[in-house]
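J.: Under UniProt numbering, the letters of the sequence shown match residues 1 to 149, in that order.
Glycine included, every Cβ here is placed at the ideal spot set by N, Cα and C.
This one's a predicted model, so the numbers in the text were calculated from it and none came from an experiment.
Structure provided below as structure tokens; questions to follow.
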Amino acid sequence: MKTRDILGLNARNVIFLSRYNKSSGRRIADHKLLTKNALRKAKLPIPKLYRVFRKFEEIDKFNFIKKLPESFVIKPDNSMGGEGILVIEKGGKYAGEWITTTGETKNVADFRLLIREIIEGRFSMQNKPDIAFCEERVRIHPAFEKVCW
């Protein structure tokens, strides 16, 4: 495969997305929670949603240790390219610690900071306030391991 054979994001957006998708469909696709809702209505399987954070006050009230499993994901609702997504692989050595898929140790303070940054809009496509959520981690099926990471 040569570099010229690879479709870049900008070309993809101009050639395919704008031309073949209605603005209402693009709006749903740009927001992960709207996408989850559309998939649920279509009776398609979706990852379990553990918590949605819309306001800063909700962050400190949530008990991350008791309410989340060992493996989960924290995501912004309106981001692109994986920005702001944290994937937790397993629980850490001590209570209140988790290990990411890259081997980093994270704790509740790290989660709270990330969620605050998400709500502030740090990762949103328009740099506007956003929504953060925690959901079930979906693992890659072995059939796709060579093309996904």
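So the alpha helix (DSSP H) Asn78 belongs to, where does it begin and stop?
T.: Taken as a continuous stretch (DSSP letters only), Asn78 belongs to no alpha helix (DSSP H), as it is neither H nor E.
J.: Would you say Val108 and Gly96 are within 7 angstroms of each other, going by their C-beta atoms?
T.: Contact flag set, yes.
J.: Do Asp110 and Ser77 count as a contact pair if the criterion is CB distance below 7 angstroms?
T.: It should be noted that the sequence gives Asp, not Ser, for residue 77. No, the Cβ-Cβ distance between Asp77 and Asp110 is not below 7 angstroms.
J.: Does Asn63 come out as helix, strand or coil in the three-state DSSP assignment?
T.: Coil, per DSSP.
J.: Which runs of the alpha helix (DSSP H) spanning at least 4 residues fall entirely within the segment 90 to 138, listed in chain order?
T.: Fully enclosed alpha helix (DSSP H) runs of 4 or longer: 108 to 120.
J.: Quick check on Arg54: does DSSP put it in helix, strand or coil?
T.: Three-state result, Arg54: coil.
J.: With DSSP run on the structure shown, which of helix, strand or coil describes Ile15?
T.: Here Ile15 sits in helix by DSSP.
J.: Between which two residues does the alpha helix (DSSP H) harbouring Arg40 extend?
T.: Taken as a continuous stretch (DSSP letters only), the alpha helix (DSSP H) holding Arg40 covers Lys32 to Lys41.
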